[in-house]
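The structure appears below as C-alpha cells.
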Amino acid sequence: MSGYSEQIPDREKIRIISNFIKSAPPGEFNEVFNDVRVLLDNDQLLKEGASSAFSQYNMEQFTPAKVNDDTVLVTTHGQAEGSKYLDPRNKLKFKYDHLRKEASEASSATVDDHAEPFRAALDKYVQGYVKDHYPNGIVTVYSSSSGGQIKLTVCIEDHKFSPRNFW
Numbered sequence: 285m286s287g288y289s290e291q292i293p294d295r296e297k298i299r300i301i302s303n304f305i306k307s308a309p310p311g312e313f314n315e316v317f318n319d320v321r322v323l324l325d326n327d328q329l330l331k332e333g334a335s336s337a338f339s340q341y342n343m344e345q346f347t348p349a350k351v352n353d354d355t356v357l358v359t360t361h362g363q364a365e366g367s368k369y370l371d372p373r374n375k376l377k378f379k380y381d382h383l384r385k386e387a388s389e390a391s392s393a394t395v396d397d398h399a400e401p402f403r404a405a406l407d408k409y410v411q412g413y414v415k416d417h418y419p420n421g422i423v424t425v426y427s428s429s430s431g432g433q434i435k436l437t438v439c440i441e442d443h444k445f446s447p448r449n450f451w
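This note's numbering numbers the first residue of the sequence shown as 285 and each following residue consecutively.
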C-alpha cells in the first residue's frame with residue numbers, strides 16, 4: 285500500500301483529467317475518455333468539470349459534424365456563442381454536443397455580406413482541391429470583414445485512424 289492518504293481536491297482532479305483529454309491522440313478521444321472516467325469514478329464531476337476540455341479538443345481536432353445533409357468542421361473559427369457553431373456554406377448555426385459529438389438545433393445564420401462572395405468562391409475552389417488530394421477530406425471556409433479588410437480562413441480535415449496498427 286502507498287503511504288498517501290491525503291484526498292486530492294476535485295478541482296485538481298479536473299485539471300489532471302482535462303489535461304489527459306486535451307492530450308488525447310487524434311481519433312482516440314473515446315478511449316481516453318473511458319479511461320479517465322474509470323479513474324475519476326464520478327460522471328457528474330467529469331461532465332461538469334471537464335466540458336471545456338471536450339470542446340477545446342474537438343475544436344483543435346477540426347471535428348466533423350453532420351448538419352442536416354452536409355458536414356461542417358467544428359473549429360474555433362466557426363464558434364458563434366457558447367456551444368453554437370457556424371456552417372458558413374449553408375448559412376446555418378447549430379448547437380454541438382462535444383461529448384456525444386452530435387449537432388442539433390440548426391437554424392438560419394446571418395453572414396457577412398461583404399465577405400460572403402469571396403468566401404463562397406474560395407470554398408468552391410478548395411472543395412475541388414480537397415476532392416483531388418484528400419480522399420475523405422472535409423473543408424469549411426470561414427469569412428469576416430472589418431474596416432474594409434476581408435479575412436478568409438480555410439480549414440481542412442482528413443483522417444484515417446488505425447490505432448491497432450501502432451504496435
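All C-beta atoms, glycine included, are put in the ideal place defined by N, C-alpha and C.
The three-state secondary structure of proline 348, taken from DSSP, is strand.
DSSP places glutamate 389 inside the beta strand (DSSP E), whose first and last residues are 386 to 392. About 7 Å separates the Cβ atoms of valine 395 and proline 372, confirming a contact at the 8 Å cut-off. Within the same chain, no residue comes within 7 Å of glutamate 386 by CB-CB distance, once the 5 residues on both sides are set aside. Under the DSSP assignment, valine 395 falls outside any alpha helix (DSSP H); it carries neither an H nor an E label.
With distances taken between CA atoms, serine 307 lies nearest to Met343 out of Gly421, Lys331, Met343. Contiguous beta strand (DSSP E) elements confined to the stretch 319 to 370 occur at 347 to 351, 354 to 358, taking only those with 3 or more residues. Per the coordinates, the alpha-carbon of glutamate 365 lies some 30 Å from the alpha-carbon of glycine 412.
Under the criterion of beta carbons closer than 8 Å, lysine 377 and alanine 393 qualify as touching, at roughly 4 Å. Following the DSSP letters along the chain, one finds aspartate 381 in no alpha helix (DSSP H) but inside the beta strand (DSSP E) bounded by residues 376 to 381.
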